[in-house]
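Peer 1: So the sequences go chain by chain: G and B.
Residues in the first sequence are numbered consecutively from 25, following the numbering used here.
Residues in the second sequence are numbered consecutively from -10, following the numbering used here.
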Amino acid sequence: MSAKSTDRLATAGLYVIVGIIITVLAGLLGFVFVKGIPQLSWQFITTPPQIFKEGGGVGPQLFNSFYLLVLTLMIAVPIAIGAGIYLAEYARDHWIIRCIRVLIEVLSSLPSIVVGLFGFLFFVLYMGWGFSILSGAFALSLFNLPLLVRVVEQSIRNIPKSQREAGWALGFSKWETITTIILPAALPGIVTGVILASGRVFGEAAALIYTAGMSTPIIDFTNWNPLSPTSPLNPFRPAETLAVHIWKINGEGIMPDAAAISDGAAALLIISILFFNFTSRFIGNLMFKKMGAN
Amino acid sequence: MQSVALQPVKMKTNRVKLVDSPDFHRSSVLQTTDLSVYYGGHCAVNEVSLSFPKQSVTALIGPSGCGKSTFLRSINRMNDDTDSCRTEGKIYYEGVDLHSPNVNLHEIRKQIGMVFQRPVPFAKSIFKNVAAGPMRYGVKDKRELQGIVEENLKKAALWEEVKDQLHTSALRLSGGQQQRLCIARALAMQPSVLLLDEPASALDPVSTAKIEELISQLKKDYTIVIVTHNMQQAARVSDEVAYFYMGRVIEHGSTEQIFTNPIHEQTAHYINGHIG
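#1: Taking 8 Å as the CB-CB limit, is F196/G close to chain B?
#2: For a contact defined as C-beta to C-beta under 7 Å, what are the partners of V109/B on chain G?
#3: So, is S25/B buried or exposed, given that buried needs 16 or more other C-beta atoms within 10 angstroms?
#4: Any beta carbon from chain G within less than 8 Å of F105/B's own beta carbon?
#5: When we look at the beta-carbon of L145/G and count the other beta-carbons within 10 Å, is it buried (16 or more) or exposed?
#6: Return the chain-ordered list of same chain residues with a C-beta closer than 6 Å to the C-beta of S266/B, the five sequence neighbours on each side being excluded.
#7: Looking at the secondary structure, which residues open and close the beta strand (DSSP E) in which F233/B lies?
#8: Return the chain-ordered ranges of every alpha helix (DSSP H) run that is complete within the segment 83 to 125 of chain G and spans a minimum of 4 residues.
#9: Since S159/G and V148/G should fall inside the 8 Å C-beta cutoff, what is the C-beta to C-beta distance between them, to a whole number of angstroms?
#10: Report, in whole angstroms, the separation of the C-beta atoms of R237/B and N65/B, which I expect to be a contact under 8 Å.
#11: In chain order, which alpha helix (DSSP H) runs of at least 4 residues are fully inside the segment 57 to 135 of chain B?
#12: Could you list which residues in chain B have their beta carbon closer than 8 Å to that of E113/G, in chain order?
#13: Tell me, to the nearest whole angstrom, how far the beta carbon of L170/B is from that of L147/B; I am working on the premise that it is less than 8 Å.
#14: Along chain B, in chain order, which residues have C-beta atoms closer than 9 Å to that of A209/G?
#15: So D70/B contacts chain G; which residues on that side make the cut at Cβ distance below 9 Å?
#16: Using the Cβ count rule (16 or more neighbours within 10 Å means buried), how would you classify L97/G?
#17: Span of the alpha helix (DSSP H) holding N247/G?
#18: Using 8 Å as the threshold, is the segment 42 to 60 of chain B in touch with the segment 204 to 219 of chain B, meaning 3 or more CB pairs across them?
#19: What three-state label does DSSP hand F41/B in the structure shown?
#20: Taking all protein chains shown into account, decide if L61/B is buried (16 or more other Cβ within 10 angstroms of its Cβ) or exposed.
#21: Is G152/G near the ligand NAP, in the sense that its beta carbon is under 7 Å from a heavy atom of that ligand?
#22: Any beta carbon from chain G within less than 8 Å of R75/B's own beta carbon?
#23: Which partner residues of L207/B appear in the DSSP bridge assignment?
#24: Taking a contact to mean a Cβ-Cβ separation below 8 Å, would you say P199/B touches G165/B in this structure?
#25: Strictly under 8 Å for the Cβ-Cβ distance: is A189/B near chain G by that measure?
#26: Please list, in chain order, all residues of the same chain as F245/G whose beta carbon is under 7 Å from its beta carbon, the five residues on each side excluded.
#27: Specify the secondary structure class of H218/B as computed by DSSP and reduced to three states.
#28: Between which two residues does the beta strand (DSSP E) harbouring T22/B extend?
#29: Alpha carbon to alpha carbon, how far is F300/G from I219/G? Give it in angstroms, no decimals.
#30: Indicate the three-state DSSP secondary structure (helix, strand or coil) for D186/B in the structure shown.
#31: If you measure from the beta carbon of I205/G to each beta carbon in chain B, is any gap under 8 Å?
#32: Please report the residue range of the alpha helix (DSSP H) in which H269/G lies.
#33: Pick helix, strand or coil for H156/B, following the three-state DSSP scheme.
#34: Against chain B, with Cβ distances strictly below 8 Å, would D31/G count as a contact?
#35: Around the C-beta of V40/G, are 16 or more other C-beta atoms found within 10 angstroms, so that it is buried, or is it exposed?
#36: With a threshold of 8 Å between beta carbons, is R132/B in contact with chain C?
Written out as structure tokens, the structure is:
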């Protein structure tokens, strides 16, 4: 076979593979949207679910998903940035560091149900936090840390050494170089990592069943005192997220419109992920521009 | 952006004190005595003793791997951060031994600025690139910073080209402009010595000409050490030339003497393009 026809064949093969991937993805999204979007209404995304009747919503679950995401990121991102800076800038090639890297790899491939059971034993029982948003947030932080650490480390490593030398040549210390030059330049990569992690938080169910729980107490959206038991912000209340809710009503939902609610919640979940994705990219770009241009 | 009248710049400077040391020549601002640099077991710079007179340009020439860049980088102690790199001998800056333990490394690098072979603008605005150093050293006032930025961009012959886009990203500039920006950034630290490591080798001829012109301007105020592979460039911009070979200085003298009447045959060979 001539080089030209090999090339054609390979190109055609690649197009076929890409075509399959796009068809599967578009089919999945289309299926979820076609079945789910007709269920969406303002009432659906704001009211609490009904247990026996039709016409319930997923308002608290939607709020819980976002709140859990915010708490998880507040815990995980600072730790990941610290660990990423350490691994990229300070860690020397030593057997302890190599062990840490292997452990991070192992942790990143840990099944989420195992993380959930660990969270149940440690945060729910041992720490005594019960089924709560806080337990869920810590479990998900644990679940996402390896990914975040690796993404932060990699985006810091991707900044060329010449940038560091340029900082040192201005008399900057190592730490000043990292904070004023390297981190701002690495920001787009870090934002991408945060987006990846958030997708995993939104979609996660297994790790939350045993940590954040499968119920939502009656919460009062006019009460924003985080210490009050009926406040949506109270981190010690159980909190069922959208993904957990979908899993639950498919298994044990006894409302007559369970299938419709599940479809609607699935579409809402995907829309939320897209929404978060675009806003965080937008904010990331804005921050980058702000640092780039005064 | 409107231009701001130049104001006197106040920066926290603690110039290191002039002290008498036995082998330091008063006329030179910078001097090395038997400076050797080792990478592991390999001796990259071998007992180099050079002195750099005030407000002059010294060109370091020699074939690749002859140790001239390593020598340059050891002057502001950039090699400190390289593992397995060891330095022996002395470097005097205004009479102070730069390796003595009570010398502040960051103060040294503030007074001995450096510009690298490839332009390395920070991923920030043009303004912030120049202001990075002064801000680090405590200049907070916005008007004062604007004054510093304007003054140094003018010194680096870049002001006219960028004065209307100070707040756009420095990464959008051309390579030659980026390199002049890096020079402005170094000048904003108010150094007295500038180390230039092949500053024009990655640039096109027009940008190179601008950089060379700039160097001739700058030597009125600064002591400049430049590493270059370009013989014509060395001849055009420098007052003195040191020819490096295998880590040693083979010959050091005035540019005119080195280029017209070199003492060592090897120097003549190199200048005429027979080595390297």
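Every residue, glycine too, gets a C-beta built ideally from N, C-alpha and C.
Peer 2: Answer, in terms of the structure:
#1: yes
#2: S186, Q187, A190
#3: buried
#4: yes
#5: exposed
#6: The structure shown does not extend to residue 266/B, since chain B is modelled only from -10 through 265, so no value can be given for it.
#7: 229 to 234
#8: 83 to 109
#9: 5 Å
#10: So it is not a contact: roughly 22 Å between Cβ atoms.
#11: 57 to 64, 94 to 100, 115 to 125
#12: None at all; the shortest Cβ gap to chain B is about 11 Å.
#13: 6 Å
#14: F111, A112, K113
#15: R188, E189, W192, K198
#16: buried
#17: It is not in any alpha helix (DSSP H) - N247/G carries neither H nor E in the DSSP assignment.
#18: yes
#19: strand
#20: buried
#21: Absence of the ligand NAP is noted for the structure shown, with no ligands found whatsoever.
#22: no
#23: Partner(s): none; L207/B has no beta bridge.
#24: The sequence shown places Lys at residue 199/B, not Pro. Yes, Cβ-Cβ distance for K199/B and G165/B is below 8 Å.
#25: no
#26: P256
#27: coil
#28: 17 to 28
#29: 8 Å
#30: strand
#31: yes
#32: 266 to 276
#33: coil
#34: no
#35: exposed
#36: The chain labelled as chain C is not found among the protein chains of the depicted structure, namely G and B.
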